[in-house]
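A.B. asks: Handing you a structure now.
Here it is in structure tokens:
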């Protein structure tokens, strides 16, 4: 008969994990009476977060000369030009870049 080993027998906890373990042993945590409802809310938020952080392909018309210059700058920076454009769009969306129309 093969008796399974305890997977937690030689478990080493870091400082934060040990503090949580100690608090559990002292009874500082209690069960959430609305666990199922809380779980659904957190799962829904996680799904929305994942969905919002997915990338989406777009079609964009640009002048050929602008695209050539963008590709050249991307090469100099060691990036694919699509990655560079995506980073620029992200910075603009986050108000870290301003649009200047001359």
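Numbering (the working numbering), first residue to last: 51 to 152. The C-beta atom is built at its ideal place from N, Cα and C for all residues, glycine as well.
1. Quick check for students: name the residue ranges of the alpha helix (DSSP H) that lie wholly in the segment 64–146, counting only runs of 4 or more.
2. Between 135, 89, 146 and 151, which lies nearest to residue 109 when the distance is taken from Cα to Cα?
3. Measure the alpha-carbon distance for residue 82 versus residue 88 and round it to whole angstroms.
4. Just checking my contact of residue 131 with residue 119 at CB under 8 angstroms: how many whole Å lie between their CB atoms?
C.D. replies: Reading off the structure:
1. 65–75, 85–102, 114–126 and 131–143
2. 135
3. 8 angstroms
4. So it is not a contact: roughly 10 angstroms between Cβ atoms.
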